[in-house]
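Peer 1: Numbering (my numbering), first residue to last: 234 to 508.
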């Protein structure tokens, strides 16, 4: 780890984070070592009919209360202090924002927002939670012990008695404002990330923290950096699809690495100030 930290100490950085960063906050990931096999709902399945949406929102209703209680961990706080040229996250939990990061692209959106598929009106997830509470007054007591999943829902089979809320503006179908499997990341988000990666050049570096890079939404930025000669540093427990492109691949916890990186850059800054 020491060599990688020293290598990054005075470089311009873009950081890409995945679910492995939030495990220290109690939010599980899909692909980390020991993670059970999970199959998230696809966009096509969500749109297939009322039964699928009932299943999704029942699980989400339980998971939201637990995800809402999660707090930023030392890795999130270190990244807020690090303040890279751009922080790209595949996570939907909002913990980077809660930690204070501002130069941020949430590639897959935020589970704290809800969008109507008909009128496109957006609203806070917390408002919907209140409506769902009212429609399902006794439901939480009957089903409140399921295991949480990375996207803010839970593992739950008994969902047929859950009442789903429609858009209160037009009566349309409500969906969390996140990119489901089977959807495309909005083009403007992708373009902003590419611009930041391409601006790094050979003197900067792209850091990947807590992502297996299984989906192309994140892997494409690693591929672009490598093609341009920008060094890539990957910190993740387990293999990733970008390992062959990395200057350094570290099998470490993300929080420990990021805290050490912030300390190293702080020491480096003080040294330059004294010169």
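Backbone N, C-alpha and C fix where the C-beta goes; we use that ideal spot for every residue, glycine too.
Could you spell out the range, first to last residue, of the alpha helix (DSSP H) harbouring residue 293?
Peer 2: Start and end: 283-301.
Peer 1: Between the Cα of residue 426 and those of 344, 473, 454 and 298, spot the shortest distance and give me the residue it belongs to.
Peer 2: Of the candidates 344, 473, 454 and 298, the one whose C-alpha sits nearest the C-alpha of residue 426 is 454.
Peer 1: Look at the alpha carbon of residue 407 and the alpha carbon of residue 416, and state the distance between them as a whole number of angstroms.
Peer 2: Whole-angstrom Cα-Cα distance: 16 Å.
Peer 1: Any idea if residue 482 is buried or exposed, counting beta-carbon neighbours within 10 angstroms, 16 or more meaning buried?
Peer 2: Flag for residue 482 reads buried.
Peer 1: Return the CA-CA distance between residue 276 and residue 290, expressed in angstroms with no decimal places.
Peer 2: Approximately 13 Å between the Cα atoms of the pair.
Peer 1: Go through the segment 439-472 residue by residue and report every complete run of the beta strand (DSSP E) that reaches 3 residues or more, in order.
Peer 2: Entirely contained in the segment 439-472, the beta strand (DSSP E) runs reaching 3 residues are, in chain order, 465-468.
Peer 1: Are residue 491 and residue 308 closer than 8 Å when you measure CB to CB?
Peer 2: Cβ distance < 8 Å, so residue 491 and residue 308 count as in contact.
Peer 1: CB-CB under 6 Å to residue 278, same chain, minus the five flanking residues each way: which ones, in chain order?
Peer 2: Counting only Cβ-Cβ distances below 6 Å, and skipping sequence neighbours, we find 285.
Peer 1: Consult DSSP for residue 414 and reduce its assignment to one of helix, strand or coil.
Peer 2: Residue state, collapsed to three classes: strand.
Peer 1: Three-state secondary structure (DSSP) at residue 347?
Peer 2: Residue 347: strand per DSSP, three-state reduction.
Peer 1: Determine, using beta carbons only, whether residue 418 and residue 329 come nearer to each other than 8 Å.
Peer 2: The answer is no: Cβ separation not under 8 Å.
Peer 1: In this structure, does DSSP put residue 481 in helix, strand or coil?
Peer 2: Three-state result, residue 481: strand.
Peer 1: According to the Cβ coordinates, are residue 434 and residue 472 closer than 8 Å?
Peer 2: Contact flag unset, no.
Peer 1: In chain order, what residues of the same chain have a beta carbon less than 6 Å from the beta carbon of residue 251, not counting five sequence neighbours either side?
Peer 2: Counting only Cβ-Cβ distances below 6 Å, and skipping sequence neighbours, we find 323, 443 and 444.
Peer 1: Helix, strand or coil: which one does DSSP assign to residue 342?
Peer 2: Residue 342: strand per DSSP, three-state reduction.
Peer 1: What number of angstroms, rounded off, separates the C-alpha of residue 400 from the C-alpha of residue 273?
Peer 2: Rounded to whole angstroms, residue 400 to residue 273 spans 23 Å at the Cα level.
Peer 1: Quick check: the Cα distance between residue 468 and residue 238, rounded to an integer number of angstroms?
Peer 2: Their backbone Cα atoms lie some 11 Å apart in a straight line.
Peer 1: Beta carbon of residue 280, beta carbon of residue 351: below 8 Å?
Peer 2: Not a contact, by the Cβ cut-off of 8 Å.
Peer 1: Please go through the same chain and pick out, in chain order, the residues whose beta-carbon is closer than 6 Å to the beta-carbon of residue 450, but skip the five residues on each side of it.
Peer 2: Closer than 6 Å at Cβ, skipping near neighbours: 340 and 418.
Peer 1: Can you give the beta carbon distance from residue 212 to residue 317, rounded, assuming they're within the 8 Å contact cut?
Peer 2: Outside the displayed range of the chain (234 to 508) lies residue 212, so it cannot be described from this structure.
Peer 1: Taking the alpha carbon of residue 370 as the point to measure from, which residue in 356, 396, 359 and 248 has its own alpha carbon closest?
Peer 2: Per the Cα distances, 396.
Peer 1: Looking only at its own chain, which residues have a Cβ that is under 6 Å from the Cβ of residue 331, when we skip the five neighbours before and after it?
Peer 2: The residues are 305.
Peer 1: What does residue 322 pair with, by DSSP beta-bridge criteria?
Peer 2: BP columns for residue 322 point to 250 and 339.
Peer 1: Apart from the five residues just before and just after residue 398, which ones in its own chain have a Cβ nearer than 7 Å to its Cβ?
Peer 2: Excluding sequence neighbours, residue 398 sits near 361, 364, 365, 368 and 407.
Peer 1: How about residue 429 and residue 319: are their beta carbons less than 8 Å apart?
Peer 2: Cβ atoms of residue 429 and residue 319: closer than 8 Å.
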